[in-house]
Amino acid sequence: MATEDSVIARRDGRAGRVLINRPKALNALDLPMIRAIAAALEAWRDDPQVHLVMIEGAGERAFCAGGDIRALRQHQLEGNRAPADAFFAEEYALNRAIAEYPKPYVALIDGICMGGGIGVSVHAPYRVASEHAMFAMPETAIGFFPDIGASFFLPRLPGQVGVYLGLTGARVSGADAVHAGLATHFTPRAAMPALAAALAEEGIAALATHAAPLPAFGLAEARPAIDRCFSAATIPELLARLATEDSAWARETLAALGAVSPSALFWTLRLLREGVDRTLAQCLAAEFALTRTTMAHPDFVEGVRAMVVDKDRKPRWSPARVEDVQAATIAALFG
Ligand code: QUE
1 MATEDSVIAR RDGRAGRVLI NRPKALNALD LPMIRAIAAA LEAWRDDPQV HLVMIEGAGE
61 RAFCAGGDIR ALRQHQLEGN RAPADAFFAE EYALNRAIAE YPKPYVALID GICMGGGIGV
121 SVHAPYRVAS EHAMFAMPET AIGFFPDIGA SFFLPRLPGQ VGVYLGLTGA RVSGADAVHA
181 GLATHFTPRA AMPALAAALA EEGIAALATH AAPLPAFGLA EARPAIDRCF SAATIPELLA
241 RLATEDSAWA RETLAALGAV SPSALFWTLR LLREGVDRTL AQCLAAEFAL TRTTMAHPDF
301 VEGVRAMVVD KDRKPRWSPA RVEDVQAATI AALFG
């Protein structure tokens with residue numbers, strides 16, 4: 001059955017190994033895949049032969065590019081809420097199970113890691129990124145919001161870096177992911193198979209012996225401006241602060257924020273600020289509630305159309321301008 005092949009779970013020495021195996025779809029997660037990963041973790045929880053868990057993506061391009069958002073858009077268009085409820089409930093339960101897993105869990109990230117891919121890695125204690133890793137939380141570009149526990153982990157990254165990443169969808173290299181706190185170790189692609197073999201043979205101690213020197217933080221120069229601008233209380237204030245910065249980074253960042261859903265900027269900033277005082281479980285519950293209201297906003301269907309379905313990259317947001325987003329409309333989405 002295809003759903004069995006899309007996740008391969010096997011024991012290798014001291015390790016339980018999960019391979020996310022849908023490389024043609026950049027290993028994007030659907031509900032059967034989420035169930036298969038959850039089932040493997042459950043089976044290994046009390047298996048004395050399994051001392052740690054490893055998770056990898058098949059192929060050279062992606063660890064995991066997110067969720068099967070195209071199918072969720074189609075169900076939304078048909079007025080069928082049940083598939084999204086099931087998908088997000090089980091995806092977020094898996095995110096939490098990973099955070100609370102009683103054995104070491106190591107994600108080997110050697111390619112694209114976005115959205116749901118971050119969800120099956122960032123909550124674990126060990127996230128190894130290669131020079132081919134590319135991290136992003138790009139959901140504002142599809143009229144959605146950074147979910148999978150992002151309202152817990154983004155506000156806990158250094159300064160305002162997480163808020164910057166969550167609003168802009170900016171891409172982060174493997175080395176920068178370590179500096180930013182999304183990853184914990186930097187290991188080149190060429191050393192990944194040896195690391196996996198050593199983890200299977202020796203256990204978690206092998207992590208320390210396969211690291212490479214970490215390149216400098218690509219965002220170091222922008223860090224003061226990130227903290228100055230992304231600490232703003234509102235989106236208009238944030239944009240006004242960026243406009244006073246005279247740098248290529250500020251101009252690129254304004255352009256990035258100008259392309260995503262204006263409404264998504266508002267609901268994402270509110271969600272991320274509220275996450276500061278919440279537990280992971282509380283964040284996931286708030287995110288689940290927000291999936292129901294934001295998916296019914298026209299920007300979700302339009303954003304997925306423009307970025308994932310038609311790929312014209314020309315979404316027609318409603319409203320189209322930040323100035324026209326109504327505070328009451330955003331507040332209503334939070335119930
Ligand atoms: C923004 C996003 C996503 C995206 C593109 C964006 C996203 C997502 C996918 C995606 C990737 C691979 C697939 C697929 C969907 O693309 O969240 O079906 O095979 O899951 O610009 O947030």
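Here my numbering is used: the first residue of the sequence shown is 1, the next is one more, and so on. Glycine included, each C-beta is placed from N, C-alpha and C at the ideal position.
Find the nearest neighbour of residue i within the set the options, judged by alpha-carbon distance.
i, options, result
"S261", "R316, E221, G275, L239", "R316"
"A28", "A190, S247, R96, C113", "C113"
"E100", "H75, R45, Q76, F63", "R45"
"Q74", "A327, V308, E323", "V308"
"D277", "S318, P155, C229, R10", "P155"
"W267", "L31, G16, R61, Q326", "Q326"
"D30", "L94, A328, A107, A124", "L94"
"C229", "A58, P138, A198, L257", "L257"
"E323", "I204, A332, I55, I235", "I235"
"T291", "L72, M54, G117", "L72"
"L271", "A82, R321, T140", "T140"
"L333", "A194, T253, H297", "H297"
"A55", "A328, P215, P213, G117", "One detail in the question is off: residue 55 reads as Ile in this sequence, not Ala. Considering only alpha carbons, the answer is G117."
"M336", "G57, I330, A328", "Beyond the ends of the chain as shown, which are 1 and 335, falls residue 336; an answer cannot be given."
"Y126", "A205, P213, D312", "A205"
Given a cut-off of 7 Å on the beta-carbon distance, is the pair residue i and residue j in contact?
i, j, result
"S130", "G174", "yes"
"A177", "A183", "yes"
"E90", "I34", "yes"
"I8", "N21", "yes"
"A40", "V18", "yes"
"H185", "A211", "yes"
"F153", "V122", "yes"
"L26", "A62", "yes"
"A133", "I98", "no"
"G166", "H51", "no"
"V53", "Y105", "yes"
"Y92", "F217", "no"
"Q49", "M295", "no"
"A59", "P32", "A small correction: the amino acid at residue 59 is Gly; Ala does not occupy that position in the sequence shown. No. Outside cutoff."
Could you tell me the alpha carbon to alpha carbon distance between residue i and residue j, rounded to whole angstroms?
i, j, result
"A136", "L207", "24 Å"
"G303", "K314", "9 Å"
"A110", "P188", "Here residue 110 turns out to be Asp, not Ala, going by the sequence shown. Near 8 Å, if we compare the C-alpha coordinates of P188 and D110."
"T168", "A200", "38 Å"
"A248", "V120", "34 Å"
"D299", "I142", "7 Å"
"E221", "A250", "12 Å"
"E274", "G13", "43 Å"
"D47", "R10", "12 Å"
"S318", "V128", "39 Å"
"A196", "G16", "11 Å"
"K103", "F144", "33 Å"
"G335", "L269", "16 Å"
"E245", "A233", "17 Å"
"A331", "L254", "24 Å"
"D85", "A328", "25 Å"
"M1", "A198", "Legend: pLDDT at M1 = 43, less than 50; position of this residue unreliable, value from coordinates given subsequently. Spanning the two alpha carbons is a distance of roughly 32 Å."
"L265", "R81", "24 Å"
"A194", "R96", "29 Å"
"R321", "P215", "39 Å"
"Y164", "T279", "21 Å"
"P213", "P138", "28 Å"
"E237", "A190", "45 Å"
"F209", "D310", "Correcting the residue identity first, residue 209 is Thr in this sequence and not Phe. Straight-line Cα distance between these residues: approximately 45 Å."
Any heavy atom of the ligand MN closer than 6 Å to the beta-carbon of residue i?
i, result
"V308", "Questions concerning the ligand MN fall outside what the structure shown contains, since the ligands it does hold are the ligand QUE."
task = Indicate whether the contact test is met: 3 or more Cβ pairs, each with one atom in the region 274 to 284 and one in the region 144 to 154, closer than 8 Å.
result = The region 274 to 284 is in contact with the region 144 to 154.
query = Is the region 288 to 308 in contact with the region 261 to 271, if contact means three or more CB pairs nearer than 8 Å?
reply = Yes, since at least three Cβ pairs between the region 288 to 308 and the region 261 to 271 fall closer than 8 Å, the two stretches touch.
query = Is there contact between the region 156 to 164 and the region 62 to 76, where contact requires at least three CB pairs shorter than 8 Å?
reply = Because the criterion of three Cβ pairs below 8 Å is not met, the region 156 to 164 and the region 62 to 76 do not touch.
message = Across the region 241 to 257 and the region 222 to 231, are there enough close Cβ pairs to call them in contact, namely three or more that are closer than 8 Å?
response = Taking 8 Å as the limit for Cβ pairs, the verdict is that the region 222 to 231 does touch the region 241 to 257.
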